[in-house]
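**Q** Adding 219 to a residue's 1-based position in the sequence shown gives its number in our numbering.
Glycine included, C-beta positions come from ideal geometry on N, C-alpha and C.
I'd like to ask you about the structure that follows.
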Amino acid sequence: MNTIAETRPQAISSRRRPRTRRKGRARALLLLQHILLIGGLLALWQVLVTTEVLPLIAVGSPESVWNAAKEILPAIEVWTATAQTAGSLLLGVLIGGTSGMLLGVFLHRLPRVKQLVNGVVVPLYTIPRAALVPLFIAWFGFGRISVVIVAAIHGFALVYVAIGGALASVDKSLAASVRTMGGGVVAVGFYVYFWSAISQVVVGFRQSINLGLMSVIVAEMIGASGGLGALLVFSINRFNVSDAMVYLLVAASLAVAMDTIVVFLQSRIVKW
Numbered sequence: 220m221n222t223i224a225e226t227r228p229q230a231i232s233s234r235r236r237p238r239t240r241r242k243g244r245a246r247a248l249l250l251l252q253h254i255l256l257i258g259g260l261l262a263l264w265q266v267l268v269t270t271e272v273l274p275l276i277a278v279g280s281p282e283s284v285w286n287a288a289k290e291i292l293p294a295i296e297v298w299t300a301t302a303q304t305a306g307s308l309l310l311g312v313l314i315g316g317t318s319g320m321l322l323g324v325f326l327h328r329l330p331r332v333k334q335l336v337n338g339v340v341v342p343l344y345t346i347p348r349a350a351l352v353p354l355f356i357a358w359f360g361f362g363r364i365s366v367v368i369v370a371a372i373h374g375f376a377l378v379y380v381a382i383g384g385a386l387a388s389v390d391k392s393l394a395a396s397v398r399t400m401g402g403g404v405v406a407v408g409f410y411v412y413f414w415s416a417i418s419q420v421v422v423g424f425r426q427s428i429n430l431g432l433m434s435v436i437v438a439e440m441i442g443a444s445g446g447l448g449a450l451l452v453f454s455i456n457r458f459n460v461s462d463a464m465v466y467l468l469v470a471a472s473l474a475v476a477m478d479t480i481v482v483f484l485q486s487r488i489v490k491w
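As structure tokens, then:
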């Protein structure tokens with residue numbers, strides 16, 4: 220009996236190893252394909268510019284972008300601007316997302332009032348927030364306040380819709396089971412509604428950060444004196460496409476880094 224019991228885990232682990240190896244090979248192959256695709260596009264870009272099929276002043280070249288990156292990235296200016304953009308985005312999403320979450324929880328037991336509020340929030344949810352940037356600048360003036368408000372609108376609308384859908388889809392039988400076991404309002408709210416909605420709330424915050432970064436940069440381009448958007452405008456006004464592309468790459472790297480952090484936190488929260 221002991222021999223059979225000991226051989227079962229070994230057999231299971233031996234079956235899992237080929238699957239793990241296949242997954243590792245598939246990931247490595249996919250990564251190699253991505254590298255080859257990007258390398259091919261960069262080579263084509265350089266050839267088209269070198270042969271003057273595409274104008275250098277309009278599209279730049281991989282070589283000019285690389286040279287610009289060697290000058291820009293060591294300077295503190297770009298990292299100060301990146302920190303300002305990230306700070307405005309996170310502050311706005313935190314304020315707006317928290318407000319949307321609290322309002323969604325408050326209106327959950329007020330269906331008629333919720334319908335009235337949805338009549339305002341849902342259209343706001345469908346409108347591209349970047350299109351509202353000039354309006355916010357006209358209302359609140361130039362500067363960082365307008366940028367933060369743009370990010371807050373993203374956080375409010377997306378988190379409000381996310382938590383509203385999550386709370387509406389909670390299984391009522393779970394709440395009834397907790398009540399039959401002697402649980403009060405706090406216990407039902409925490410063990411049933413909170414854990415049912417938390418994953419959707421995190422998704423709402425993640426979407427707010429991903430979509431809000433674009434609107435924040437647009438707001439900085441129009442009405443701010445700092446941030447990556449301001450650096451982009453400064454480069455474009457000087458027809459310096461290579462510098463502008465470096466700033467776009469920094470913005471893309473910022474988006475990937477922030478999304479990676481949120482995904483990590485989401486996996487930990489859901490696992491917990």
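#1: Considering His327, what are the terminal residues of the alpha helix (DSSP H) in which it resides?
#2: Please report the straight-line C-alpha distance between Asp478 and Pro274, rounded to a whole angstrom.
#3: Tell me whether Gly383 sits in a helix, a strand or coil according to DSSP, three-state version.
#4: Please confirm whether Val312 and Ser454 have their CB atoms less than 8 Å apart.
#5: I'd like the span of the alpha helix (DSSP H) that includes Ser454, first residue to last.
#6: Can you tell which of Val324, Val481, Ala476 and Thr317 has the C-alpha that lies nearest to the C-alpha of Ala387?
#7: Where does the unbroken alpha helix (DSSP H) through Asn286 begin, and where does it stop?
#8: When the Cα atoms are used, what is the spatial distance from Glu296 to Leu351?
#9: Check whether the Cβ of Ala376 lies closer than 7 Å to any heavy atom of the ligand NAD, and answer yes or no.
#10: Compute the beta-carbon to beta-carbon distance between His253 and Gly315, rounded to the nearest angstrom, for a pair I have assumed lies under 8 Å.
#11: Would you call the region 248-267 and the region 418-432 touching, i.e. three or more CB-CB distances under 8 Å?
#12: Which residue marks the beginning of the alpha helix (DSSP H) containing Leu275, and which one marks its end?
#13: Whole angstroms is fine: what's the gap from Lys289's alpha carbon to Leu450's?
#14: By a C-beta neighbour count over all protein chains shown, 10 Å radius and 16 as the cutoff for buried, is Ser486 buried or exposed?
#15: Using the beta-carbon count (16 or more within 10 Å), is Thr345 buried or exposed?
#16: Beta-carbon within less than 8 Å of Val336's beta-carbon, same chain only, minus the 5 sequence neighbours each way: which residues are those?
#17: Considering only the alpha carbon of each residue, which of Ala471, Ser444 and Glu439 lies closest to Pro353?
#18: Go ahead and pull the three-state DSSP assignment for Pro353.
#19: Please say whether Gly445 and Ala287 have beta carbons closer to each other than 8 Å?
#20: Here's the rule I'm using: 16 or more other beta-carbon atoms within 10 Å means buried, otherwise exposed. How should Thr304 be labelled?
#21: So which of Gly362, Gly259, Pro293 and Ala302 has the shortest CA-CA distance to Pro281?
#22: Rounded C-beta distance between Arg363 and Ala443? I'm assuming under 8 Å.
#23: Taking Ala277 as the reference, give the member of Ala471, Arg457 and Ala470 with the closest Cα.
#24: Going by the beta-carbon positions, is the gap between Gly279 and Val452 smaller than 8 Å?
#25: Are the beta-carbon atoms of Val380 and Arg348 separated by less than 8 Å?
#26: Indicate the three-state DSSP secondary structure (helix, strand or coil) for Gly362 in the structure shown.
#27: Report, in whole angstroms, the separation of the C-beta atoms of Val367 and Gly423, which I expect to be a contact under 8 Å.
#28: Assign Ile356 to buried or exposed, taking buried as 16 or more other Cβ atoms, counted over all protein chains shown, within 10 Å of its Cβ.
**A** Per the coordinate set shown:
#1: No alpha helix (DSSP H) holds His327; DSSP gives it neither H nor E.
#2: Spanning the two alpha carbons is a distance of roughly 35 Å.
#3: Three-state DSSP puts Gly383 in a helix.
#4: Cβ distance not < 8 Å, so Val312 and Ser454 don't count as in contact.
#5: Counting along the chain, the alpha helix (DSSP H) containing Ser454 begins and ends at Leu447 to Asn456.
#6: When only C-alpha atoms are compared, the closest one is Val324.
#7: From DSSP, the alpha helix (DSSP H) with Asn286 extends over Pro281 to Ile291.
#8: Taking the straight line joining both Cα atoms gives about 28 Å.
#9: The ligand NAD is not part of the structure shown, which contains no ligands of any sort.
#10: So it is not a contact: roughly 34 Å between Cβ atoms.
#11: No: the two stretches stay apart, fewer than three of their Cβ pairs being nearer than 8 Å.
#12: DSSP places Leu275 inside the alpha helix (DSSP H), whose first and last residues are Leu275 to Val278.
#13: Answer to the nearest angstrom: the Cα atoms are 16 Å apart.
#14: Of the other Cβ atoms in all chains shown, fewer than 16 fall within 10 Å of the Cβ of Ser486; this residue is therefore exposed.
#15: Thr345 is exposed by the Cβ-count criterion.
#16: Cβ within range, chain order: Leu322 and Leu326.
#17: Here the closest residue by C-alpha is Glu439.
#18: In this structure, Pro353 counts as helix in the three-state DSSP scheme.
#19: At the C-beta level, Ala287 and Gly445 stay beyond 8 Å of one another.
#20: Counting the other Cβ atoms within 10 Å of the Cβ of Thr304 gives 16 or more, which makes it buried.
#21: Closest option to Pro281, judged by alpha-carbon separation, among Gly362, Gly259, Pro293 and Ala302: Gly259.
#22: At roughly 6 Å, the Cβ-Cβ gap stays under 8 Å, so Arg363 and Ala443 are in contact.
#23: Here the closest residue by C-alpha is Arg457.
#24: Contact flag unset, no.
#25: No.
#26: Reduced to three states, the DSSP call for Gly362 is coil.
#27: Contact flag wrong, Cβ pair sits at about 18 Å.
#28: It is buried - the Cβ of Ile356 has at least 16 other Cβ atoms within 10 Å.
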